[in-house]
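Peer 1: In our numbering, the protein residues as written are 1 to 345.
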Ligand code: PHE
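1. Which residue or residues does DSSP assign as beta-bridge partners of residue 259?
2. Exposed or buried, residue 177, counting other C-beta atoms within 10 Å across all chains shown (16 or more means buried)?
3. Among 276, 260, 269 and 307, which residue has its Cα nearest to the Cα of residue 284?
4. Just to confirm, is the Cβ distance from residue 188 to residue 215 under 9 Å?
5. Report the option in 286, 287 and 264 whose CA atom is closest to the CA atom of residue 276.
6. How would you write the range of the alpha helix (DSSP H) that residue 227 sits in, first residue to last?
7. Any idea what DSSP makes of residue 180, helix, strand or coil?
8. Since residue 210 sits in a beta bridge, which residues does DSSP pair it with?
9. Just to confirm, are residue 174 and residue 140 a CB contact at a threshold of 9 Å?
10. Is any non-hydrogen atom of ligand 1 found closer than 8 Å to the C-beta of residue 154, if you look at the structure I gave you?
11. Could you give the distance in angstroms between the alpha-carbon of residue 110 and the alpha-carbon of residue 230?
12. Helix, strand or coil, according to DSSP, for residue 299 in the structure here?
13. Here's the rule I'm using: 16 or more other beta-carbon atoms within 10 Å means buried, otherwise exposed. How should residue 99 be labelled?
14. Would you call the region 54–64 in contact with the region 291–303, where contact means no fewer than 3 C-beta pairs closer than 8 Å?
15. My understanding is that residue 117 touches residue 233, with C-beta atoms under 8 Å, so please give their C-beta distance in whole angstroms.
16. When the distance is taken between beta carbons, is residue 71 closer than 9 Å to residue 347?
17. My guess is that residue 113 and residue 316 are in contact by the Cβ rule of under 8 Å, so how many angstroms apart are they, rounded?
18. Here's the rule: buried if 16 or more other CB atoms are within 10 angstroms of the residue's CB, otherwise exposed. What is residue 345?
19. Per DSSP, what kind of secondary structure is residue 57 in: helix, strand or coil?
20. Quick check: the Cα distance between residue 19 and residue 73, rounded to an integer number of angstroms?
21. So what's residue 18 in DSSP terms, helix, strand or just coil?
22. Comparing C-alpha positions only, which one of 182, 159, 193 and 179 sits nearest to residue 171?
23. Can you have a look at residue 305 and say buried or exposed, based on whether 16 or more other CB atoms are within 10 angstroms of its CB?
24. My output table needs one value for residue 173: the three-state DSSP class, helix, strand or coil.
25. What is the rounded straight-line gap between the Cα of residue 221 and the Cα of residue 145?
26. Could you name each continuous alpha helix (DSSP H) segment of 4 residues or more that falls completely within the region 58–103, going from the start of the chain to the end?
27. Does any C-beta atom of chain C lie closer than 9 Å to the C-beta of residue 297?
28. With a 10 Å radius around its C-beta and 16 neighbouring C-beta atoms as the bar for buried, classify residue 334 as buried or exposed.
29. Please name the residue, chosen from 297, 228, 94 and 190, that lies closest to residue 126 on a Cα-to-Cα basis.
30. Does any heavy atom of ligand 1 sit closer than 8 Å to the C-beta of residue 171?
31. Rounding to the nearest angstrom, what Cα-Cα distance links residue 153 and residue 203 in this structure?
32. So does residue 213 have its beta carbon nearer than 8 Å to some heavy atom of ligand 1?
33. How should residue 211 be labelled, buried or exposed, when 16 other C-beta atoms within 10 angstroms of its C-beta is the threshold for buried?
34. Can you tell me which of 253, 336, 199 and 297 puts its alpha carbon nearest to the alpha carbon of residue 290?
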């Protein structure tokens, strides 16, 4: 009788499986509880004959162990299932990939430009973004009340002060002044940095952008040095065979001044919307440092001469990556930034 019951319950225990905590608790109460089957069977066991006890005792102990072991192993499984459900995790799903960051396209282009000029011996110089009138304008030969100041729609912060108005720098030429004021020629440096102009934000203009300007001052520096330096730069950046041309221009701080065009990198000069079908695109302003600027910075303009140039990094990046809208650069849209997955080093 007792043996039959044990055989039947053994089959039931072996067949039982669950990952549900409630069902498992029912199982525990049914078999292992204080009023459970095992307790009953042990009570019945007390009444069997001594001969039967010898064989049945062993069977009974094994049965009890089986029930307990089954309960323990199902409990462990259930706990894993419960904890993964609680934390919203499905442990059977494959792992999620994660994105490694990427360099901003402007940072990539800035680095490339710095590398090219460093091969020619140019070092990097930096200066403050909040500037006084002297470093941003006056020292650079912008006479007071001169309309040339309107060329660069300035964000003024404060009027007055020891050196005049305080403003967000409109170009990194201010760093050239600081460098010349504090050192002795020769100077051979480039100045990367953010600059600000009061322009309405659109696809083609922004209230801030990034520049790299360059300065070379020494004895006997000529316009030919300027042309050769910039020609080398363009060949390195856009590839050999890129043509350059210089058009006369005006900047208060350079004389003579020029704007430099390169043959359109997109259509190679054939004509496209980027170059407005002219085959040429302007990339920078340049010229020989005006002697007044050298003198303003305490440099003997009879002994020394120099050239300077300045370009917008956004423009250079546009021509490299064909980015049609300037606003992409500052909106931090990951879909845009992810496209520039170059090495992180
Ligand atoms: N500072 C000028 C600008 O911001 C660029 C420039 C620099 C032109 C040096 C000539 C020489 O437009």
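No residue lacks a Cβ here, since even glycine has one placed at the ideal position from N, Cα and C.
Peer 2: Answer, in terms of the structure:
1. 247 and 285
2. buried
3. 260
4. yes
5. 264
6. 223–238
7. helix
8. 194
9. yes
10. no
11. 16 Å
12. coil
13. exposed
14. no
15. 7 Å
16. Residue 347 lies beyond the residue range present for the chain, which begins at 1 and ends at 345; the question has no answer from this structure.
17. 7 Å
18. Reliability of the predicted coordinates at residue 345 is poor, the pLDDT of 49 falling under 50, and no value is obtained from them.
19. helix
20. 11 Å
21. coil
22. 193
23. buried
24. helix
25. 32 Å
26. none
27. In the structure shown, chain C does not exist; there is a single protein chain.
28. exposed
29. 190
30. yes
31. 18 Å
32. yes
33. buried
34. 253
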